[in-house]
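Numbering (the numbering used here), first residue to last: 90 to 173. Cβ atoms here follow ideal geometry from the backbone N, Cα and C, with glycine treated the same way. All of these numbers come straight from a predicted model, not from anything done at the bench. Worksheet for the structure shown next.
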């Protein structure tokens, strides 16, 4: 699994096309990256979904992400990741 810092960078690459979030997005980006469970596919998918969206959209979307990925989805992603 990538470290917290690496997971955040991976997410930011997908969401912002740079290694770090722009001003005002650090807390939100860190929270979304954490909810992806550090899984590269989850980080990439969430980043792509949030790319080019404004901060209000992110804030409104965060509660729908729950506290993390659904257990079945996380398990499938983890198996895929571990197989790399």
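Is the beta carbon of residue i less than 9 angstroms from the beta carbon of residue j?
i           : j           : result
residue 122 : residue 93  : yes
residue 101 : residue 136 : yes
residue 151 : residue 120 : yes
Taking the alpha helix (DSSP H) that residue i belongs to, which residues open and close that run?
i           : result
residue 148 : 144-150
residue 100 : 93-105
residue 122 : 115-124
Which residue from the options puts its Cα closest to that of residue i?
i           : options               : result
residue 110 : 125, 146 and 140      : 140
residue 113 : 103, 154 and 144      : 144
residue 115 : 97, 146, 129 and 124  : 97
residue 91  : 134, 129, 133 and 103 : 129
Is the Cβ of residue i closer than 9 angstroms to any Cβ of chain D?
i           : result
residue 110 : Note that chain D does not occur in the displayed structure, where there is just one protein chain.
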